[in-house]
Amino acid sequence: MSRRVFILGSTGSIGCSTVEVIEHLRSIDGDGSWPVVGISAGSNCELLLQQATRLDVEAIAITNKAALEFKNIFSNSEELLKAHAKPGDIVVAAIVGFAGVAPVLTAVKCGCDIALANKETLVAAGEIIMKAVQKAGVRLLPVDSEHSAIYQALSEHPNAEIAKITLTASGGSLRNIKTEDLSNATVEQVLNHPTWSMGAKVTVDSASLMNKALELIEACWLFDVKDDRLEAVIHPQSIVHGMVQFVDGSVIAQMSPPDMKLPIQFALTYPKRVDGCSPKIDWANHSTLQFEAIDKIRHPAIQLAYDVIRLGGTAGAVFNAANEEVVESFLEHSLPFGAMVPIVAEVLGTITHSENVTLESVVAKDTEARELTRKIISSQKVNS
Ligand code: NAD
Ligand code: MG
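For the sequence shown, the numbering used here begins at -1 and goes up steadily by one.
This is the structure we're talking about:
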């Protein structure tokens, strides 16, 4: 089998893993298979050009373009898609953050299936994206490992048979740090993740458990469940990625070593499965699988996710925007680790939420939330 592919955010962690998966699939399906029509990135022209040559792509898009020479170059992912995407193509959405919303919507409108890594798009604009997906009759295939697991466990079971969806969380790089030391964790400590190698933002989100909070909201949209059928548990080994408990009490889980190439490949080849290029489980090395409840006092991000789910409307856009801003400040060493989640909570509690969810209202709330977050961050800097 083979499909025409676009990789948005190709120079990032998920993007680079997707390039490996494509090369693996080409090795199975032969010359000319899995054509990558276009790739895009925010920066890192050098790697983007290397990937373009390596994959023999038709067109590229880069937002921060320096002097770059390529036969067919666009200034953003939407332009690239409008010019080259055809119904039936698959677009790997691996841009980080809210910047991914417009490209995903464009891809859906072009009739493309989406392999979605970019969870922030569903958190901020889930209602718009799900409606667009339904209208276009395309597939939205999760790449986030937990959601890929749930998708696999659910299979063809109808929504009414779901009793509970459980997402697992590694606990992030600070899992073994005492609660009283959490607030002053350094950027270096936070970026040293024990089981996953990922981009900087998602690694910070993992440490604050904001990643799990975003994923709970993502799961609501993907699987049409509310907070009463959704939970997250700590599972330090990152072997079980997600579980579905059905109404009869049976639990189906998906397991594999922590490697994003598996969910990426699953989305690309769906509904088929072919030989995988990621490590396989060796049970001799996994004699212990632990699960523990998340301490909601230590990790207030989880309660915020449930608040966002109950609030609905544009609350997700506000929550996501505030989080993107605090993470950026933390990574710039301008905000302590422990200040991030309380600021997101303050922004979520201050901004009024609108029931009217349109792309315009979501963009407006995103902007309002970023401005307020930056104001709070600078006032904290002045006071410290
Ligand atoms: P990353 O920071 O490594 O890469 C992000 C990519 O997006 C880069 O190629 C960057 O150039 C590109 N980008 C940023 N702004 C852009 C724009 N405006 N237009 C085009 N490209 C732009 O991030 P990542 O770790 O690969 O994560 C990507 C997404 O996948 C995130 O939403 C993350 O939460 C999600 N995710 C990542 C992992 C993982 O293992 N890394 C796992 C699950 C989900
Ligand atoms: Mg995940």
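Each residue gets a CB set at the ideal place from its N, CA and C atoms; glycine is no exception.
Burial state of residue i (16 or more Cβ within 10 Å)
{"i": "G240", "result": "buried"}
{"i": "L152", "result": "buried"}
{"i": "L66", "result": "exposed"}
{"i": "A167", "result": "buried"}
{"i": "H331", "result": "exposed"}
{"i": "P269", "result": "exposed"}
{"i": "H233", "result": "buried"}
{"i": "V420", "result": "The chain is shown only over -1 to 382; residue 420 falls outside these bounds and no answer can be derived."}
{"i": "D111", "result": "buried"}
{"i": "F317", "result": "buried"}
{"i": "E76", "result": "buried"}
{"i": "Q252", "result": "buried"}
{"i": "K199", "result": "buried"}
{"i": "S38", "result": "buried"}
{"i": "P85", "result": "exposed"}
{"i": "P140", "result": "buried"}
{"i": "G95", "result": "buried"}
{"i": "K176", "result": "exposed"}
The ligand MG heavy atom lying under 8 angstroms from the CB of residue i
{"i": "N209", "result": "yes"}
Any non-hydrogen atom of the ligand NAD closer than 8 angstroms to residue i Cβ
{"i": "V182", "result": "Going by the sequence as given, residue 182 is Asn instead of Val. Every heavy atom of the ligand NAD is 8 angstroms or more from the Cβ of N182, so no."}
{"i": "M258", "result": "yes"}
{"i": "D111", "result": "no"}
{"i": "D246", "result": "no"}
{"i": "M196", "result": "yes"}
{"i": "I237", "result": "no"}
{"i": "S332", "result": "no"}
{"i": "A92", "result": "yes"}
{"i": "E18", "result": "no"}
{"i": "V200", "result": "yes"}
{"i": "S41", "result": "yes"}
{"i": "N190", "result": "no"}
{"i": "E322", "result": "no"}
{"i": "D226", "result": "no"}
{"i": "I307", "result": "no"}
{"i": "S75", "result": "yes"}
{"i": "L357", "result": "no"}
{"i": "G13", "result": "yes"}
{"i": "P101", "result": "yes"}
{"i": "A254", "result": "The identity of residue 254 in the sequence shown is Ser, whereas the question assumes Ala. Not so, every heavy atom of the ligand NAD lies at least 8 angstroms from the Cβ."}
{"i": "L66", "result": "no"}
{"i": "A383", "result": "Any property of residue 383 remains undetermined from this structure, which presents the chain solely from -1 to 382."}
{"i": "N116", "result": "yes"}
{"i": "D364", "result": "no"}
Distance between beta carbons of residue j and residue i, contact taken as under 8 angstroms
{"i": "F4", "j": "V99", "result": "Going by Cβ atoms, the distance from F4 to V99 rounds to 16 angstroms, so no, they are not a contact pair."}
{"i": "S143", "j": "M258", "result": "6 angstroms"}
{"i": "L180", "j": "G336", "result": "6 angstroms"}
{"i": "C275", "j": "E18", "result": "7 angstroms"}
{"i": "I215", "j": "I307", "result": "6 angstroms"}
{"i": "A81", "j": "F72", "result": "7 angstroms"}
{"i": "I12", "j": "A147", "result": "I12 to A147, Cβ: 16 angstroms. No contact."}
{"i": "L220", "j": "E118", "result": "That belief does not hold up - the Cβ atoms of L220 and E118 are roughly 14 angstroms apart, past 8 angstroms."}
Fill in: Whole runs of the alpha helix (DSSP H) within the stretch 54 to 119, excluding any shorter than 4 residues
Restricting attention to alpha helix (DSSP H) runs no shorter than 4 residues, the stretch 54 to 119 encloses them at 75 to 82 and 99 to 107, ordered along the chain.
Worksheet item: Closer than 6 angstroms from C-beta to any heavy atom of the ligand MG: which residues, in chain order?
Response: That gives D142, S143, E144 and E213.
Worksheet item: Which whole runs of the alpha helix (DSSP H) in the stretch 297 to 341 are 4 residues long or more, in chain order?
Response: The qualifying runs are 299 to 309 and 313 to 329.
Discussion item. At 3 residues or longer, what runs of the beta strand (DSSP E) sit wholly inside the stretch 138 to 165?
Written reply: Counting only runs of 3 or more, we get 138 to 140.
Discussion item. Runs of 4 residues minimum, wholly inside the stretch 340 to 370: which ones carry the alpha helix (DSSP H) assignment?
Written reply: Runs of the alpha helix (DSSP H) inside the stretch 340 to 370: none found.
Fill in: beta strand (DSSP E) runs contained entirely in the stretch 209 to 264, provided each spans 3 or more residues
For the stretch 209 to 264, the full-length beta strand (DSSP E) segments reaching 3 residues or more read 228 to 232, 238 to 244 and 249 to 253 along the chain.
Worksheet entry | Ranges of the alpha helix (DSSP H) found wholly within the stretch 1 to 40, counting only runs of at least 4 | Runs found: 11 to 27.
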